[in-house]
Amino acid sequence: INQLDVDKSNLSYTKSEFHLMCSTLDASMSGGGTDEETIYATMRKLNTQDDWQFLQKTFGIRKKDGGFWNSDINGDLKKWLSDDLMDSEVDEVRRILSESNISY
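Per this note's numbering, the sequence shown starts with residue 1, numbered consecutively.
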């Protein structure tokens with residue numbers, strides 16, 4: 001996460017807007033069930049590779065409560081996505097990002 005380079009002059013949003021996106025993603029993957037549409041909508045907001053890199057840096061490493069049935073995990077945004085989404089849904093995230101020439 002710390003190794004991700006970001007050109008802050010190339011960001012589409014303010015730091016507080018990125019924090020809000022991270023909170024939205026956290027909420028969409030916390031607790032029971034996953035809100036895939038909210039995840040996709042958040043990814044559609046990203047316009048540049050730097051947006052994606054900065055979103056990951058802002059998300060950082062977080063503890064994800066696995067709930068009653070699953071174990072807790074500590075991980076970055078990609079770890080959370082791969083834990084919560086099926087492979088086809090991660091592929092959809094990749095596709096959405098690629099529409100803006102963003103590499104996952």
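Idealized CB from N, CA, C, for every residue including glycine.
{"Check": "Between the CA atoms of Lys57 and Trp4 - distance to the nearest angstrom", "Outcome": "According to the sequence as given, residue 4 is Leu; it is not Trp. Rounded to whole angstroms, Leu4 to Lys57 spans 7 Å at the Cα level."}
{"Check": "Alpha-carbon spacing of Ala27 relative to Val90, whole angstroms", "Outcome": "17 Å"}
{"Check": "Same chain only: Cβ atoms within 8 Å of Ile96, ignoring 5 sequence neighbours per side", "Outcome": "Tyr40, Met43, Arg44"}
{"Check": "Candidates Asn47, Leu25, Gly32, of which the one nearest Ser98 by Cα", "Outcome": "Asn47"}
{"Check": "Buried or exposed (CB count within 10 angstroms, at least 16 for buried), Lys86", "Outcome": "Looking at the sequence provided, one finds Met at residue 86 rather than Lys. Result: exposed."}
{"Check": "Lys64 burial status per 10 Å Cβ neighbour count (16 or more: buried)", "Outcome": "buried"}
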